[in-house]
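Asker: In terms of numbering that gives the first Met the number 0, the numbers along the sequence shown are unbroken and rise by one, the last being 74.
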Amino acid sequence: MFYSHLKLTKNEAVTMIQKNYQMDIEIFDEIEGEILTMSDYIAAGIVMQFYYRFQCPYIYYFEFLSYSLKFLHYL
0 MFYSHLKLTK NEAVTMIQKN YQMDIEIFDE IEGEILTMSD YIAAGIVMQF
50 YYRFQCPYIY YFEFLSYSLK FLHYL
């Protein structure tokens, strides 16, 4: 996920230099969606690691998310 984010950021910089602004906007939208997903996974990982410091009513959600994180590891 991180490497695809870097690839998209590089593509955005190239399209910006080439003054292809419509494609730049489309790539930025992809970057935004991906970085929001990445931040959700990072936040969930922090909560799972330090669960005893959080009062989380959504513990089942984080258990589900931990399974999806394990699945992403194999991609």
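Built from N, CA and C at the ideal position, the CB exists for glycine as well.
(1) Could you check whether LEU7 and GLU29 sit closer than 8 Å to each other, using their CB atoms as the reference points?
(2) Could you check whether ASP23 and GLU11 sit closer than 8 Å to each other, using their CB atoms as the reference points?
(3) With a 10 Å radius around its C-beta and 16 neighbouring C-beta atoms as the bar for buried, classify ILE41 as buried or exposed.
(4) Our contact map puts TYR0 next to MET37 with C-beta atoms below 8 Å; I'd like the distance itself, whole angstroms only.
(5) Looking only at its own chain, which residues have a Cβ that is under 7 Å from the Cβ of THR14, when we skip the five neighbours before and after it?
Answerer: By the coordinates alone:
(1) Stepping through the sequence shown from its first residue, residue 29 is reached at position 30. Stepping through the sequence shown from its first residue, residue 7 is reached at position 8. Pairing GLU29 with LEU7 gives a Cβ-Cβ distance under 8 Å.
(2) Counted from its first residue, the sequence shown places residue 11 at position 12. Counted from its first residue, the sequence shown places residue 23 at position 24. Result yes, Cβ atoms of GLU11 and ASP23 sit closer than 8 Å.
(3) The count along the sequence shown starts at 1 and reaches residue 41 at position 42. Classified as exposed, ILE41 has fewer than 16 neighbouring CB atoms from the shown chains inside 10 Å of its CB.
(4) For the purposes of this step, residue 0 is taken as the residue at position 1 of the sequence shown. For the purposes of this step, residue 37 is taken as the residue at position 38 of the sequence shown. As written in the sequence, residue 0 is Met, which differs from the Tyr given in the question. For MET0 against MET37, the beta-carbon gap comes to about 6 Å, under 8 Å, which counts as contact.
(5) Numbered from its first residue, the sequence shown carries residue 14 at position 15. MET22, ASP23, ILE26.
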